[in-house]
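To keep things clear, I will list the structure first and then write my remarks on it.
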Amino acid sequence: MKIYLKLNKNKQCRLPRGGAAIFAIMCCDLAAREAKNLTTVCYNLLNESMTNQKNAECTQMLLQLIDYTKSVPAKFTAADFYEIKRTTILQILGIAMTYFVVVVQFDGLS
1 MKIYLKLNKN KQCRLPRGGA AIFAIMCCDL AAREAKNLTT VCYNLLNESM TNQKNAECTQ
61 MLLQLIDYTK SVPAKFTAAD FYEIKRTTIL QILGIAMTYF VVVVQFDGLS
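The numbering of the sequence shown is UniProt numbering, which starts it at 1 and goes up by one.
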């Protein structure tokens, strides 16, 4: 399986399988972090809207968006078993290292 990352019109960068997984995990984490910043941006816009006494409909829509982003936080999960974030990379490496240690120990017994 080949995964390509499109850089420009003509340039492509081939990612190895592990690199593609790390890239996907980093993208998921970045999207979740940006979604958390959305609430702060909405509050700033709401504050500006209130001080300038702009359209009441815009203010109402901002309040609804704030309520929605607070009630449904953006997160990426793997079948709701665990959340995908940057620490997932370290968890995968830890599991792999534990597996290799066990394999080496059992290999020494035979």
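Glycine is no exception: its CB is placed at the ideal position from the N, C-alpha and C atoms.
Quantities reported herein were computed from a predicted structural model and do not represent experimental measurements.
Whole-angstrom distance between residue j and residue i, CA atom to CA atom
{"i": "I3", "j": "Q53", "result": "With a pLDDT of 49 at I3, under the threshold of 50, the modelled position of that residue is not reliable, and the figure given next carries that caveat. I3 and Q53: Cα-Cα distance of roughly 50 Å."}
{"i": "M50", "j": "S71", "result": "23 Å"}
{"i": "F81", "j": "L46", "result": "36 Å"}
{"i": "A21", "j": "N55", "result": "45 Å"}
{"i": "G108", "j": "P73", "result": "48 Å"}
{"i": "Y25", "j": "L93", "result": "Here residue 25 turns out to be Ile, not Tyr, going by the sequence shown. C-alpha separation (whole angstroms): 13 Å."}
{"i": "F23", "j": "E83", "result": "16 Å"}
{"i": "K75", "j": "F106", "result": "39 Å"}
CB contact flag (residue i, residue j, <7 Å)
{"i": "residue 112", "j": "C28", "result": "With the chain covering only 1 through 110, there is no way to say anything about residue 112."}
{"i": "T39", "j": "T69", "result": "yes"}
Three-way DSSP call (helix, strand, coil) for residue i in this model
{"i": "A78", "result": "strand"}
{"i": "Q53", "result": "coil"}
Identity of the residues DSSP links to residue i by a beta bridge
{"i": "E83", "result": "T77"}
Cβ contact check for the segment 30-40 and the segment 87-107: 3 or more pairs under 8 Å: These segments do not touch.
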